[in-house]
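Numbering (this note's numbering), first residue to last: 25 to 536. Where is the CB? At the ideal position from N, CA and C, for every residue including glycine. Because the structure is a prediction, the values reported are computed rather than measured. Working notes, structure below.
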Amino acid sequence: MEKHFSIPISRRNFMKLAGVAMAGVMVGGVDTPKAQAFSGKTAIANFNGADLPVLYDVDACVVGGGAAGTAAAINAGKNGASTVLVEQGISLGGLATQGLVYPCMRTFAYDSDTPYILELNRRIEEKQGVEPLRGMEDETSYGGGQGFYVPECLTWLYDEWCEEAGVAVLYGTTLVGAVVENGAITDCVVQTVDGLAKIRAKTFIDATGDALLSRFAGVPTEKGSERTGRNQPMTLRFEMSGIDVPKVYHFFHDKLKDTWMGEKSDRRFEEDVKKGLVPFMEFAKWKKTENFFKEGVRRGEVTEDDILYIQAFAIIGKPHTMSMNCPEIPPLGFSSTDAISRSQAVTFGRKMTRRLSAFFKKNIPGFENAFISKEASMVGVRESWRIRGKYYLTEETYMKREKFVDAICRTAYPIDIHDVKLDVFEKLKKGEYYEIPFRTLIADKVNNLLTVGRCASGSFVAQASFRIQPTCMSMGEAAGIATAWAVKHSMPVSEVKWEEIPETQRSYISKG
Ligand SMILES: Cc1cc2nc3c(=O)[nH]c(=O)nc-3n(C[C@H](O)[C@H](O)[C@H](O)COP(=O)(O)OP(=O)(O)OC[C@H]3O[C@@H](n4cnc5c(N)ncnc54)[C@H](O)[C@@H]3O)c2cc1C
């Protein structure tokens with residue numbers, strides 16, 4: 025799970041920050057402006073009148089093939105809408121595959137798995153050939169959503185599933201603009217290997233993670249924290265192989281007295297890895313292990329930033345390999361909503377990965393023969409732009425455990441803000457949850473657009489809870505169903521009332 029290891033702001037090295045500012049990448053900071061609300065206008069790029077070839081003329085065009093977009097496309101296709109899925113990379117899965125995000129987090133809400141997630145889990149088990157442990161439950165592990173999707177299995181599975189659902193996937197194709205007429209998008213403009221082209225559709229789904237299509241269409245958006253103006257920190261993930269995982273475990277557990285993993289024999293440990301109970305090392309989380317890493321800083325092997333958040337997961341079906349949920353790129357120095365800064369974060373992050381891997385090899389028994397076996401091909405953006413839709417999720421929605429007649433999913437995932445902790449948010453208790461209404465996906469002003477995933481409508485704080493993969497998937501699933509419904513009934517998708525779709529066709533029904 026994404027755990028925090030945060031340090032108070034005073035521990036930050038402000039001299040270093042000044043250095044970052046001089047290097048021209050200081051986009052956040054103590055005096056940063058507040059989150060910019062309603063700033064859609066700067067991003068509008070309207071290609072009206074441009075004589076571009078129309079590549080597809082379809083019922084539904086989904087832009088972005090991450091957790092949310094792939095779910096949207098498969099469900100639109102499966103329910104009868106002719107669908108094209110535009111993806112700038114060459115694999116579906118977004119952060120889960122290109123960003124190496126692993127595993128799919130629990131929602132901590134019982135019965136949160138919508139039919140698409142249940143089917144995805146069935147398919148992944150078939151592909152990975154390993155049945156994950158079921159019924160694991162304790163005070164910290166409960167609820168739905170959990171999935172151990174090995175990136176290489178997920179890409180393969182998604183390709184097959186899209187084919188089966190009749191979805192045309194357009195890889196290596198980047199959204200660069202939109203044509204908007206009378207409150208509706210008529211075409212989105214994409215950059216392909218063959219030059220610019222249009223995709224014409226009745227309904228569009230923005231699953232870019234950055235609300236890019238929504239911004240092109242003039243939908244109001246927000247970015248960053250309402251308190252600090254900063255985006256959540258980015259992470260450039262990587263995998264290391266050649267690791268003796270039990271040896272690492274023993275070092276942390278026996279030598280450093282890190283009890284996070286609990287007591288495990290070598291055999292139990294190996295068995296758990298095979299079965300999919302993914303053990304992970306929360307290297308720097310505990311006071312006990314902190315000194316071990318700080319010694320590395322004192323020796324000049326790593327920096328304070330490098331050790332701020334270190335987390336590693338063993339990966340099901342990939343022996344001797346761990347997925348590194350680090351390094352966390354300092355949010356005071358870099359922003360996911362500034363084009364130059366986001367690019368510089370990659371270079372900065374890559375240097376961090378090299379320092380960390382060298383440090384692990386030199387200092388952690390079990391890493392002697394380890395090497396970087398995979399780098400993310402997409403920087404891990406937790407939060408960037410979010411739309412301001414018909415319904416706006418806030419911390420109130422979470423705190424009041426709100427329920428809605430047009431709910432499309434439920435979650436109790438905690439408000440997980442990396443960066444300095446200015447507020448402490450209560451965790452929902454076992455059995456409690458809040459719901460996400462369909463209106464969260466509807467962009468005001470544009471009647472044939474839905475916005476799904478981490479860029480759906482909500483505050484910075486609310487997004488820190490709804491951004492996890494299973495919730496993004498359930499949003500996409502509902503958007504796909506609603507799109508097919510709108511097409512079938514020749515109506516704008518913004519007028520669909522989720523609660524009026526027959527129960528048998530809905531992926532989630534609120535119990536109120
Ligand atoms: C470091 C990190 C760790 C995390 N850990 C976990 C975890 O352990 N478990 C968990 O469940 N969640 C975790 N999350 C959160 C979760 O991974 C994301 O919030 C979620 O995957 C978002 O899904 P999405 O579909 O909205 O966006 P994304 O996965 O970002 O997908 C967006 C897709 O759109 C494509 N795209 C973007 N722009 C364009 C364009 N212009 N043209 C064409 N295509 C475009 C991208 O290539 C990408 O494929 C983590 C996130 C990060 C960054």
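Simplified DSSP assignment, three categories, for residue i
i	result
isoleucine 98	helix
valine 203	strand
proline 461	strand
glutamine 215	strand
glutamate 450	coil
tyrosine 80	strand
aspartate 230	strand
valine 272	helix
threonine 245	strand
alanine 510	helix
isoleucine 492	coil
arginine 254	coil
lysine 469	coil
threonine 210	strand
valine 86	strand
arginine 224	strand
glycine 500	helix
glycine 477	helix
Proximity below 9 Å, CB of residue i to CB of residue j
i	j	result
methionine 258	glutamate 352	yes
threonine 107	alanine 91	no
methionine 348	isoleucine 334	yes
alanine 100	valine 191	yes
arginine 425	aspartate 135	no
valine 405	asparagine 255	yes
leucine 474	alanine 503	yes
lysine 342	glutamate 399	no
valine 511	alanine 241	no
valine 543	valine 110	Coverage of the chain is limited to positions 25 through 536, which leaves residue 543 absent and any answer about it impossible.
alanine 169	proline 494	Going by the sequence as given, residue 169 is glycine instead of alanine. A contact, by the Cβ cut-off of 9 Å.
aspartate 440	serine 489	yes
arginine 146	tryptophan 185	no
Residue i to residue j span [Cα, whole Å]
i	j	result
glutamate 176	valine 87	22 Å
aspartate 296	leucine 452	28 Å
leucine 119	tyrosine 182	14 Å
phenylalanine 428	threonine 138	16 Å
methionine 305	lysine 288	13 Å
serine 360	serine 408	6 Å
valine 78	methionine 376	43 Å
valine 370	isoleucine 525	44 Å
serine 483	glutamate 419	8 Å
valine 243	glycine 233	14 Å
glycine 117	glutamate 150	18 Å
glutamate 250	glutamate 188	43 Å
valine 517	tyrosine 532	18 Å
valine 520	glycine 477	19 Å
phenylalanine 391	isoleucine 466	48 Å
proline 303	glutamine 529	38 Å
histidine 344	valine 272	11 Å
leucine 326	glycine 320	Looking at the sequence itself, residue 326 is valine, so the reference to leucine does not match. If I take the Cα positions, the gap works out to 6 Å.
alanine 235	arginine 378	32 Å
lysine 535	aspartate 211	38 Å
isoleucine 411	tyrosine 457	23 Å
threonine 245	alanine 480	10 Å
lysine 454	glutamate 161	11 Å
arginine 374	arginine 261	9 Å
glycine 541	alanine 363	Nothing can be reported for residue 541: it is not among the residues displayed for the chain, which extend from 25 to 536.
Range covered by the alpha helix (DSSP H) that runs through residue i
i	result
methionine 423	419 to 423
methionine 264	It is not in any alpha helix (DSSP H) - methionine 264 instead sits in the beta strand (DSSP E) that spans 262 to 265.
glutamate 187	175 to 188
alanine 363	363 to 387
leucine 237	236 to 240
Where the beta strand (DSSP E) containing residue i begins and where it ends
i	result
serine 397	395 to 399
arginine 530	Looking at the DSSP string, arginine 530 is not in any beta strand (DSSP E), and its letter there is neither H nor E.
valine 193	191 to 194
threonine 435	431 to 435
isoleucine 411	409 to 411
Contained alpha helix (DSSP H) runs [length at least 4] in the stretch 93 to 146, N- to C-terminal order: Listed in chain order, nothing qualifies, since the stretch 93 to 146 has no complete alpha helix (DSSP H) run of 4 or more residues.
Completely contained alpha helix (DSSP H) runs for the stretch 282 to 353, where each covers 4 or more residues: Those alpha helix (DSSP H) runs which fall completely within the stretch 282 to 353 and span 4+ residues are 290 to 299 and 311 to 322.
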